[in-house]
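Asker: Below you'll find the structure I mean.
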Amino acid sequence: MADYSIIQKDFYRESGKWLSTFEIWKKCINPNLHFVYILRKAQKYQKNPLLNTFWRIVLRHYQIKYGFQIYPETQIGEGFYLGHWGSLVINPKTVIGKNCNIAQGVTIGQQNRGKNEGSPIIGDEVWIGTNAVIVGSITIGNNVLIVPNSYVNFDVPSNSVVIGNPAKIIPTPNATMDYINRKV
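As structure tokens, this is what we get:
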């Protein structure tokens, strides 16, 4: 595979094609792709004081405009896909793996007290459905599907479906089959 940029890999998840810079800009008419583009630029230039300030200001503008609260400090693997435009909150200390899909209304947050104090670590190929809440210093394994409206505050093993509130784990070998397409 050629050496594609992380932005190209994110956009590949949406289109299924490797896009040129111009084609990526054309796709930025879509709010969720536009936000991912700006987020990746802000992440890229964190160590350059001037460009870091510029991209953080631009990112803040679009956080307010689009309702996505994701910060450059959040570690996000390649192939990140925001399924829909809408409110989304991800704590800056969260770690998200490769080829993850996140729908609108999701909260991935920090727990400030108790045995799970801290932020989540989410594995590769995780699909998180609409209005799901994931909180605390927990680990979500690889190939996990979190059903819409689920509340997750405990570790989830790989190859699982999580459903409900209180959530239940259903071991499933192909949990994200047909949910996560065009993996990079």
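The sequence shown begins at 1 in full-length UniProt numbering and counts up by one. Glycine is no exception: its CB is placed at the ideal position from the N, C-alpha and C atoms. Just so you know, these numbers come straight off a predicted model, no measurement behind them.
1. Helix, strand or coil: how does DSSP classify MET1 here?
2. Give the DSSP-derived three-state secondary structure of PRO31 in the structure shown.
3. Please return the same chain residues whose Cβ sits closer than 6 Å to the Cβ of TYR81, not counting the five positions on each side in sequence.
4. With a 10 Å radius around its C-beta and 16 neighbouring C-beta atoms as the bar for buried, classify PHE22 as buried or exposed.
5. Taking C-beta to C-beta, are VAL152 and VAL162 nearer than 8 Å?
6. For a quick check, are the C-beta atoms of ILE128 and VAL106 less than 8 Å apart?
7. Go to THR53, then tell me how far its alpha helix (DSSP H) extends in each direction, as first and last residue.
8. For VAL36, which three-state DSSP category applies?
Answerer: This is what the structure holds:
1. On the sequence shown, position 1 is the one that residue 1 refers to. For MET1, the pLDDT reaches just 46, beneath the cut-off of 50, and the residue's location in the model is therefore unreliable, although a value from the coordinates is still provided. DSSP places MET1 in coil when its eight states are reduced to three.
2. As a first step, residue 31 must be located in the sequence shown, where it is residue number 31. Of the three classes helix, strand and coil, the one that applies to PRO31 here is helix, per DSSP.
3. Here residue 81 corresponds to residue number 81 of the sequence shown, with the count starting at 1. Result list for TYR81: ARG13 and ASN101, in chain order.
4. In the sequence shown, the residue the question calls residue 22 occupies position 22. Its Cβ having fewer than 16 others within 10 Å, PHE22 is exposed.
5. Numbered from its first residue, the sequence shown carries residue 152 at position 152. Numbered from its first residue, the sequence shown carries residue 162 at position 162. Their beta carbons are under 8 Å apart, which means VAL152 touches VAL162 by this criterion.
6. For the purposes of this step, residue 128 is identified with residue 128 of the sequence shown, where counting begins at 1. For the purposes of this step, residue 106 is identified with residue 106 of the sequence shown, where counting begins at 1. Yes, these two residues count as a Cβ contact at 8 Å.
7. Locating residue 53 in the sequence shown gives position 53, counting from the first residue. Per DSSP, THR53 belongs to the alpha helix (DSSP H) from 49-66.
8. By one-based count along the sequence shown, residue 36 stands at place 36. Helix.
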